[in-house]
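Participant:
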Amino acid sequence: MVGVPKLDWMKIKKSKSQRLFNNDNPIFYYNPHWEIEFSSYLKWKDVILEFFKQKKFYNLIFSPHPLIQHLSKKTGYELNEKNIVEDNILVDLESDQCLDGTYTSMADVYIGDISSMVTEWVMEKPRPCIFINAHNVNWKGNDDYYMWRFGKVVNELKEFEDAVKKSTHHNDFEKIQKKLKNEFIYSSDKSSSDLCARFIETKLSIPSK
1178 MVGVPKLDWM KIKKSKSQRL FNNDNPIFYY NPHWEIEFSS YLKWKDVILE FFKQKKFYNL
1238 IFSPHPLIQH LSKKTGYELN EKNIVEDNIL VDLESDQCLD GTYTSMADVY IGDISSMVTE
1298 WVMEKPRPCI FINAHNVNWK GNDDYYMWRF GKVVNELKEF EDAVKKSTHH NDFEKIQKKL
1358 KNEFIYSSDK SSSDLCARFI ETKLSIPSK
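The numbering of the sequence shown is the numbering used here, which starts it at 1178 and goes up by one.
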């Protein structure tokens, strides 16, 4: 058991990353899933973008799964968010930062639907989560939606607005998030990267320095 080496990388990335916005306002990270039949992308993207256009005291990272862009021609939806120019909104559909942990490490509040990215979010550091129930799923008791236990689930705009406002002051789900992190993360005085390196050395019979 070696843990999650990517979390080591995210810590380094965060310490070396430049500011994403020219202010210290809360940063929200919207990361919809790529499978449209389950995703909040088509039904909620315009709603969320318009909300943050009007709320200049919040910052938004709009970065859906990269497959959203790759599948757009096949499924026939338009990526009109490409043209958005707002000081408080960063739109990223395909850069390395979509996947390398930059946004996960630098944001304050996660907004998503069914993406497993939320697990990485909690592992890095327990913080508020808002989940969009775009398809009116009866999710309670459904193990496919286990991650929704770690944040506020919203079904409509008013609930979303309230959740955003509250999330900047308190994380109501911190206790259960910490429980998840403790169950998933192996505690050691060495980093996951060091443990991985040692494991590889052992398998290859390389003498340890």
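Cβ atoms here follow ideal geometry from the backbone N, Cα and C, with glycine treated the same way.
Quick check on PHE1337: buried or exposed, where buried means 16 or more other Cβ atoms within 10 Å of its Cβ?
Facilitator: It counts as buried.
Participant: So what does GLU1263 bridge to, in DSSP terms?
Facilitator: Its beta-bridge partners are ILE1266.
Participant: With a cut-off of 8 angstroms, do at least 3 Cβ pairs link the stretch 1212-1229 to the stretch 1288-1300?
Facilitator: Yes, they touch.
Participant: Can you tell me the Cα-Cα spacing of THR1413 and ASN1315, whole angstroms?
Facilitator: Past the boundaries of the shown model lies residue 1413; the chain is included only from 1178 to 1386, so the question cannot be answered.
Participant: Which value, in whole angstroms, describes the spacing of the CA atoms of LEU1197 and ASN1313?
Facilitator: The alpha-carbon atoms of LEU1197 and ASN1313 are separated by roughly 33 angstroms.
Participant: Go to TYR1280, then tell me how far its beta strand (DSSP E) extends in each direction, as first and last residue.
Facilitator: No beta strand (DSSP E) contains TYR1280, which is instead part of the alpha helix (DSSP H) from 1279-1283.
Participant: Is VAL1268 near ILE1307, with beta carbons less than 9 angstroms apart?
Facilitator: No, the Cβ-Cβ distance between VAL1268 and ILE1307 is not below 9 angstroms.
Participant: Mind checking which residues open and close the alpha helix (DSSP H) that includes LYS1329?
Facilitator: No alpha helix (DSSP H) holds LYS1329; the beta strand (DSSP E) holding it covers 1329-1331.
Participant: Taking 9 angstroms as the cut-off, decide whether the C-beta atoms of LEU1237 and ILE1245 are in contact.
Facilitator: It is not a contact, given that the beta carbons lie outside the stated cut-off.
Participant: Please state the DSSP three-state secondary structure of ASN1208.
Facilitator: Note: ASN1208 maps to coil in three-state DSSP.
Participant: Using CA atoms only, rank isn't needed, just tell me which of PHE1327, ASP1339, ALA1374, GLU1333 is closest to GLU1351.
Facilitator: When each option's Cα is compared against that of GLU1351, the closest is PHE1327.
Participant: Is the beta carbon of PRO1305 sitting closer than 9 angstroms to the one on TYR1322?
Facilitator: Cβ distance not < 9 angstroms, so PRO1305 and TYR1322 don't count as in contact.
Participant: Where does the unbroken beta strand (DSSP E) through ASN1236 begin, and where does it stop?
Facilitator: Residues 1236-1239.
Participant: The alpha helix (DSSP H) spanning TYR1323 covers which residue range?
Facilitator: Segment: none, TYR1323 is in no alpha helix (DSSP H) and carries neither H nor E.
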